[in-house]
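Peer 1:
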Amino acid sequence: MIGFATRRLLQAMIVMLVVALLAFTMFRYVGDPVNQMVGIETSIEEREALRERLGLNDPVPVQFYRFISKAVQFDFGTSYQFRQPVSELFAKRIPATLELSFASFIFALIVGIPMGIYAGLNRESPISKLFLSVSLVGISLPTFFIGILLIFLFSVTLQWLPSFGRGDVVQVGSWWTTGFLTVSGLKALILPAVTLGMYQMTLIMRLIRAEMLEVIRTDYIKFARARGLPDRLVNFRHALKNTMVPVITITGLQLGAIIAFATITETVFQWPGMGLMFLQAVQNVDIPIMSAYLLLTAFLFVAINFIVDILYFFIDPRLRVGRP
């Protein structure tokens, strides 16, 4: 177990080092940071003094080492646009993004897993075919289009739910704000969470259906039925358990994708999270925010992938005996 975890940890560190190099390259060579921070009236001497103070005249390896050292301490520099530390800006936006991602992930699991199990066990039923049709729509339509359709139906036509914003939030602790504790916050969360979780829901549903169809044809399932075990025991204890290895992998990676690629949904619903701030940073060429977002999303993917590998170790016995 320790050797397996150590190997995965070393691989994760190498990946993060490569991503840090990409972020540093973007930070160092996409535009001149000095030009982004001063106006046209700034003299050459003042520009040179600022360049020296920022360490831009140091050798590139020294700058890269300093960049990594600060990133490890959650110091990503100062935003060109907001004139504030990037870490403070991210700390204000992270609660909104994480709550939206968590809600959409729970939606995808709660809806996708039962639909997948039912469609796998009742392959020819009309409801199963209806689930497949819904999943096809969820996979085919782009996220922004689903969001616009939901806004038109539930906000404009029925006027049940708000079309933008986060609603009222409550301060919890020193820096976390949550919409889970207010009615308007929960109502504002529904449409963006469904929009963001729709693709993951259909993906989980189709994956579980395919795995269930394959598992229930295997010999040990036929043997379990021949022994007279109840269908519920065979389906949920023996069949479903053996479909969970690929499902855990996909759902784990999809959680990272939800957090990292929530930018479109946050833009459509004007959700005040990190994704919306990232798009605004792209429009204003705010390199510190862009490079910090790249590092944070990569860290999320690496951390989730590491957790999934550890779960693999406990679920798949072949890894515990060193077999492929």
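Under my numbering, the letters of the sequence shown match residues 436 to 759, in that order.
Quick reminder that beta carbons are idealized off the backbone N, C-alpha and C, glycines included.
Remember, predicted model here, so these are calculated numbers, not experimental data.
1) Would you call the CB atoms of E534 and G614 closer than 8 Å?
2) Just curious, the beta strand (DSSP E) that V605 is in, first and last residue?
3) Excluding five sequence neighbours on each side, which residues of the same chain lie with their C-beta closer than 6 Å to the C-beta of V450?
4) Counting only beta-carbon atoms, is V703 nearer than 8 Å to chain E?
5) Does DSSP classify T630 as helix, strand or coil?
6) So what does W611 bridge to, in DSSP terms?
7) Would you be able to state if there are at least three C-beta pairs under 8 Å between the region 704-712 and the region 669-678?
8) Answer with buried or exposed for R442, where buried requires no fewer than 16 other C-beta atoms within 10 angstroms of its C-beta.
9) Whole alpha helix (DSSP H) runs in the region 658-740 with 4 or more residues, listed along the chain?
10) Could you give the distance in angstroms between the alpha-carbon of T653 and the alpha-carbon of A440?
11) Under 8 Å by Cβ, that's how I've got M636 and I552 pegged, so tell me the actual separation to the nearest angstrom.
12) Within a Cβ cutoff of 7 Å, which residues of the same chain sit near M550, ignoring the five residues on either side of it in sequence?
13) Say whether the region 719-730 touches the region 609-626, bearing in mind that this needs 3 or more beta-carbon pairs closer than 8 Å, one atom from each stretch.
14) Pull the bridge partners of T513 from the DSSP assignment, please.
15) For V717, I'd like the list of residues in its chain whose CB is within less than 8 Å of its CB, leaving aside the five on either flank, ordered along the chain.
16) So is E701 buried or exposed if we call it buried at 16+ other beta carbons inside 10 Å?
17) Buried or exposed: where does M448 fall if 16 or more other Cβ atoms within 10 Å of its Cβ makes it buried?
18) So, is I651 buried or exposed, given that buried needs 16 or more other C-beta atoms within 10 angstroms?
19) Three-state secondary structure (DSSP) at V650?
20) Give the list of continuous alpha helix (DSSP H) stretches no shorter than 4 residues that lie fully inside the region 494-581.
21) Would you call M436 buried or exposed, if buried means 16 or more other Cβ atoms sit within 10 Å of its Cβ?
22) Count the other CB atoms within 10 Å of the CB of L445; is the residue buried (16 or more) or exposed (fewer)?
23) Is there contact here, the region 683-694 with the region 729-744, by at least three beta-carbon pairs under 8 Å?
24) Please state if the CB of I643 and the CB of T684 are separated by a distance shorter than 8 Å.
25) Taking its Cβ as the centre, do 16 or more other Cβ atoms sit within 10 Å of F459, making it buried, or is it exposed?
26) Which residues in the same chain as K622 place their Cβ atom closer than 7 Å to its Cβ, once the five residues preceding and following it in sequence are excluded?
27) From I548 to L626, what distance separates their C-alpha atoms?
28) Does M436 come out as helix, strand or coil in the three-state DSSP assignment?
29) Return helix, strand or coil for R601, following the three-state DSSP convention.
30) Going by DSSP, what residue range makes up the alpha helix (DSSP H) through I479?
31) Keeping to the same chain, check which residues put their C-beta closer than 6 Å to that of Q606; ignore five residues upstream and five downstream.
Peer 2: Considering the structure as presented:
1) yes
2) 605-607
3) V737
4) Included in the structure is just one protein chain, with no chain E present.
5) helix
6) V607
7) no
8) exposed
9) 679-695, 698-703, 709-718
10) 32 Å
11) About 14 Å separates the two Cβ atoms, so there is no contact after all.
12) F566, M640
13) no
14) P520
15) M725
16) buried
17) exposed
18) buried
19) helix
20) 495-507, 521-556, 561-575
21) exposed
22) exposed
23) yes
24) no
25) buried
26) L596, P597, G602
27) 20 Å
28) coil
29) coil
30) 479-489
31) T612
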